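Following the numbering used here from start to finish, the sequence shown increments by one per residue and tops out at 79. Virtual Cβ for every residue (Gly too), placed ideally from N, Cα, C. Predicted model, so just to flag it, every value in this text is computed and none were measured.
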Amino acid sequence: MHIAAASPTYVRREDVPADVVAREKEIYREQVKDKPAQVMDKIVDGKLNSYYQQFCLLEQASVRDPNVTIQQLIQDAIRILGENITITRFTRFKVGESA
-19 MHIAAASPTY
-9 VRREDVPADV
1 VAREKEIYRE
11 QVKDKPAQVM
21 DKIVDGKLNS
31 YYQQFCLLEQ
41 ASVRDPNVTI
51 QQLIQDAIRI
61 LGENITITRF
71 TRFKVGESA
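Okay, here's the thing in structure tokens:
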């Protein structure tokens, strides 16, 4: 249900290709080019973290409870069940889209 609603692109931030990260950093640097260098780096890092929270499944806020991330839900399930749970991939189908 979460994947259908939130439409993540990647499972974790390590899955985001380096060229995508570089492109996003360039966009963010261009947006804050008039700021001092030390401030610019912190702003770019903050915007990149926001990108990860939007597009990486494990960092997204849960659809059911926005105060909890998917990673936290998995950790809670591991604690309750006593089993190791990992998400390695997902597939999202949308009506009207072709693969």
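- When the beta-carbon positions are compared, residue -9 and residue 67 come within less than 8 Å of each other.
- With contacts defined as CB atoms closer than 8 Å, residue 70 and residue 37 qualify as a contacting pair.
- Close CB contacts of residue 10 within its chain, under the 7 Å cut and outside five residues either way in sequence, are absent.
- In terms of Cα proximity to residue -16, the closest of 55, 65 and 42 is 42.
- In this structure residue -6 is exposed. Its beta-carbon is surrounded by fewer than 16 other beta-carbon atoms within 10 angstroms.
- Looking at the DSSP output, residue 41 sits in a beta bridge with 49.
- A straight line joining the alpha-carbon of residue 34 with that of residue 78 spans about 24 Å.
- Classified as exposed, residue 19 has fewer than 16 neighbouring CB atoms from the shown chains inside 10 Å of its CB.
- The criterion of a C-beta distance shorter than 8 Å is not satisfied by residue -14 and residue 51.
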